[in-house]
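Asker:
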Amino acid sequence: MIFWETSMHPKRVLHRTAFNSRMLAPAAIGIAALVLGGCTQSRARQDTYKVANSTCSYMMPTVSGTRTYAPAKPSTSSEAEPKSAPDSQIAYPNPETPAFCDRPLSDTLPSSLEMADYTHLLNATGLLAILQQDGPFTVFGIPNSALETYDAQTGNKLTSPDNKAVIKEMLSYTIVKGRWPLAKIKQAALASPTQSVGLPTLNGQLLSAWVDGQSGQVVIGNGQGMVSHLWVTGIPQSNGVLYFIQDLVLPPIAQQNAGTSTPVSAAPSVSPVPPVSKAQAQASTVAARTQPATATYTSRKGNLTTPPVLQLP
1 MIFWETSMHP KRVLHRTAFN SRMLAPAAIG IAALVLGGCT QSRARQDTYK
51 VANSTCSYMM PTVSGTRTYA PAKPSTSSEA EPKSAPDSQI AYPNPETPAF
101 CDRPLSDTLP SSLEMADYTH LLNATGLLAI LQQDGPFTVF GIPNSALETY
151 DAQTGNKLTS PDNKAVIKEM LSYTIVKGRW PLAKIKQAAL ASPTQSVGLP
201 TLNGQLLSAW VDGQSGQVVI GNGQGMVSHL WVTGIPQSNG VLYFIQDLVL
251 PPIAQQNAGT STPVSAAPSV SPVPPVSKAQ AQASTVAART QPATATYTSR
301 KGNLTTPPVL QLP
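This is how it looks when you write it as structure tokens:
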């Protein structure tokens with residue numbers, strides 16, 4: 001007797017599907033969008049996956065707490081009043097805030113108490129969103145005291161929504177294209193025949209920088225008499241460098257259009273020549289520092305004259 005093997009598995013029927021090119025159209029469009037999107041810089045938040053983690057950090061100083069402190073007025077109640085006002089260091093402390101080198105400028109600026117007014121104006125004018133991009137950018141941040149003094153001199157119109165375009169022009173002059181650490185600024189200025197360098201800003205104008213011969217510090221100015229020394233001398237950021245300056249420096253073009261404003265000390269036209277003399281620079285008593293640090297800030301409130309630049313309605 002002969003036995004034949006019989007398969008216990010039923011026969012499978014293979015169904016063939018005709019190739020349809022229209023099925024690949026959505027995928028092709030998506031791939032093309034990704035490729036073309038990589039050719040231009042996105043306006044979205046900086047991609048943290050492209051930034052290497054690090055333990056580098058600096059402490060940003062704060063002076064606004066003590067500066068704005070005012071002792072409480074005695075009440076008319078029958079309760080016994082303290083003989084002395086509360087200590088300002090306890091009532092309004094000045095905590096230092098950290099700045100991490102692997103974070104973008106858009107993250108560091110809002111974390112600084114001393115840059116609160118500056119950050120608010122950047123956000124209101126849309127410039128803070130630009131600092132989320134890869135850049136790189138070099139920011140010369142204006143402290144609270146300088147902006148508040150200027151706002152008082154303009155009749156509290158600095159934060160008015162009606163002046164948004166003018167304020168944006170003013171703040172964009174404090175943002176420089178490119179990465180400019182302190183050593184690079186000094187090297188470029190000293191290598192120039194005029195001993196100064198013009199930094200290209202988002203405003204479209206050049207921000208002059210030079211090294212003061214007496215103190216060796218870097219000074220910035222608009223070429224028309226408005227100058228400022230550095231306070232915090234360059235905190236590295238993942239998309240640029242962050243400085244704190246001491247005084248407000250306004251764009252030069254608006255200064256030329258000022259009609260009835262208080263005149264500013266004359267300086268040569270827009271040229272790379274340092275717009276202040278050595279005697280003027282020497283008059284500012286600011287301790288030299290080579291690293292970002294929490295050095296004591298000498299407030300010069302009231303140093304600014306009537307604003308000659310920002311013409312507000």
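Using the UniProt record's numbering, you'd call the opening residue of the sequence shown number 1 and step up by one each time. All residues carry an ideal CB built from backbone N, CA and C; glycine is no exception.
Leaving out five residues on either side along the sequence, give the residues of the same chain with a beta carbon under 8 Å from the beta carbon of Ser57.
Answerer: Your numbering for residue 57 matches position 57 in the sequence shown. For Ser57, where only same-chain residues beyond five positions count, the Cβ hits under 8 Å are Pro98, Ala99, Phe100 and Cys101.
Asker: With H, G and I counted as helix, E and B as strand and the rest as coil, what does DSSP make of Pro252?
Answerer: The count along the sequence shown starts at 1 and reaches residue 252 at position 252. Pro252: helix per DSSP, three-state reduction.
Asker: Nearest to Glu96 by alpha carbon, out of Thr108, Ser112, Ser106 and Arg103?
Answerer: For the purposes of this step, residue 96 is taken as the residue at position 96 of the sequence shown. Cα-wise, what sits closest to Glu96 is Ser112.
Asker: Once you ignore the five residues that flank Ala116 on each side, which residues in its own chain have a CB closer than 7 Å to its CB?
Answerer: On the sequence shown, position 116 is the one that residue 116 refers to. The answer, listed in chain order, is Asn144.
Asker: Can you give the beta carbon distance from Val232 to Val219, rounded, assuming they're within the 8 Å contact cut?
Answerer: Locating residue 232 in the sequence shown gives position 232, where the first residue counts as 1. Locating residue 219 in the sequence shown gives position 219, where the first residue counts as 1. About 15 Å; that fails the 8 Å criterion.
Asker: Assuming Val176 and Pro200 are in contact, meaning their beta carbons sit under 8 Å apart, how far apart are those beta carbons, in whole angstroms?
Answerer: Indexing the sequence shown from 1 puts residue 176 at position 176. Indexing the sequence shown from 1 puts residue 200 at position 200. Rounded, the Cβ-Cβ distance is 6 Å, consistent with contact.
Asker: So, under 8 Å CB-CB, Gly223 and Ser208 are touching, yes? Tell me the CB distance rounded to an integer number of Å.
Answerer: Taking the sequence shown and counting its residues from 1, one reaches residue 223 at position 223. Taking the sequence shown and counting its residues from 1, one reaches residue 208 at position 208. Contact flag correct, Cβ pair sits at about 5 Å.
Asker: Going along the chain, which unbroken runs of the alpha helix (DSSP H) with 4 or more residues stay wholly within the region 179 to 241?
Answerer: With a minimum length of 4 residues, the continuous alpha helix (DSSP H) runs that stay inside the region 179 to 241 are 182 to 191.
Asker: So what does Met60 bridge to, in DSSP terms?
Answerer: Here residue 60 is taken as the residue at index 60 of the sequence shown, counted from 1. Answer is Thr97.
Asker: Taking the alpha helix (DSSP H) that Ile167 falls in, what are its first and last residues?
Answerer: Working through the sequence shown from its first residue, we reach residue 167 at position 167. Start and end: Lys164 to Ser172.
Asker: Output the boundary residues of the beta strand (DSSP E) element that contains Ile175.
Answerer: To locate residue 175, count along the sequence shown from 1; it is residue 175. Here the beta strand (DSSP E) through Ile175 covers Ile175 to Lys177.
Asker: For His229, would you say it is in contact with chain B, using Cβ-to-Cβ distances shorter than 8 Å as the test?
Answerer: As a matter of chain content, chain B is missing from the structure shown, which is built from one protein chain.
Asker: On a Cα-Cα basis, can you pick out the residue from Ser172, Ser196 and Asn239 that is closest to Asn123?
Answerer: Translated into the one-based positions of the sequence shown, residue 123 becomes position 123. The residue with the shortest Cα to Cα distance from Asn123 is Ser172.
Asker: Starting from Gly141, follow its DSSP beta bridges and name the residues at the other end.
Answerer: Residue mapping note: residue 141 aligns to position 141 of the sequence shown, counting from 1. The partner list for Gly141 (beta bridge, DSSP) reads Phe244.
Asker: Give the C-beta separation of Gly221 and Val249 to the nearest angstrom, bearing in mind that I take them to be a contact with Cβ-Cβ under 8 Å.
Answerer: For the purposes of this step, residue 221 is taken as residue 221 along the sequence shown, with counting starting at 1. For the purposes of this step, residue 249 is taken as residue 249 along the sequence shown, with counting starting at 1. Indeed, because the Cβ distance is near 6 Å, the residues count as touching under 8 Å.
Asker: Give the secondary structure of Thr55 by DSSP, where H, G and I count as helix, E and B as strand, and everything else as coil.
Answerer: Translated into the one-based positions of the sequence shown, residue 55 becomes position 55. Three-state result, Thr55: coil.
Asker: To the nearest angstrom, how far is the alpha carbon of Pro161 from that of Thr125?
Answerer: Reading the sequence shown from its first residue, position 161 is the one you call residue 161. Reading the sequence shown from its first residue, position 125 is the one you call residue 125. Each residue's alpha carbon lies about 9 Å from the other.
Asker: Grab me the residues of Ala188's own chain with a C-beta within less than 7 Å of its C-beta, minus the 5 sequence neighbours each way, in chain order.
Answerer: On the sequence shown, residue 188 is found 188 positions in, with the first residue counted as 1. If we look at Ala188 and ignore the five residues flanking it on each side, its Cβ neighbours are Val197.
Asker: Quick one: residues in its chain with C-beta nearer than 8 Å to the C-beta of Pro252, no 5 flanking neighbours on either side, listed in chain order?
Answerer: What you label residue 252 is simply residue 252 of the sequence shown in a count that begins at 1. Gln205, Asn222, Gly223, Gln224 and Val270, listed in sequence order.
Asker: Just the Cα atoms here: how many angstroms apart are Pro193 and Asp212?
Answerer: Position 193 of the sequence shown holds residue 193. Position 212 of the sequence shown holds residue 212. Their Cα atoms are separated by approximately 15 Å.
Asker: Output needed for Lys164: all residues of its chain with C-beta closer than 8 Å, excluding positions within five of it in sequence on either side, in chain order.
Answerer: The residue given as residue 164 occupies position 164 in the sequence shown. Only Ala124 and Thr125 meet the Cβ criterion.
Asker: Along the alpha helix (DSSP H) that carries Thr159, what are the first and last residues, could you check?
Answerer: Locating residue 159 in the sequence shown gives position 159, where the first residue counts as 1. Thr159 -> no alpha helix (DSSP H), and no H or E assigned at all.
Asker: Pick from Phe244, Thr62 and Gln217: whose alpha carbon is nearest that of Ala183?
Answerer: Along the sequence shown, read from residue 1 onward, the residue named residue 183 stands at position 183. For the residues Phe244, Thr62 and Gln217, the minimum Cα distance to Ala183 belongs to Gln217.
Asker: Going by the beta-carbon positions, is the gap between Gly141 and Leu242 smaller than 8 Å?
Answerer: On the sequence shown, residue 141 is found 141 positions in, with the first residue counted as 1. On the sequence shown, residue 242 is found 242 positions in, with the first residue counted as 1. Yes, these two residues count as a Cβ contact at 8 Å.
Asker: Tell me the rounded alpha-carbon separation between Leu128 and Pro104.
Answerer: By 1-based counting over the sequence shown, the position of residue 128 is 128. By 1-based counting over the sequence shown, the position of residue 104 is 104. Roughly 11 Å between the two C-alpha positions.
Asker: Do you know offhand how far Met60's Cα is from Asn239's?
Answerer: Residue mapping note: residue 60 aligns to position 60 of the sequence shown, counting from 1. Residue mapping note: residue 239 aligns to position 239 of the sequence shown, counting from 1. Those two C-alpha atoms are separated by around 18 Å.
Asker: By the three-class DSSP mapping on this structure, what secondary structure does Asp102 have?
Answerer: Taking the sequence shown and counting its residues from 1, one reaches residue 102 at position 102. Asp102 falls in the coil class under three-state DSSP.
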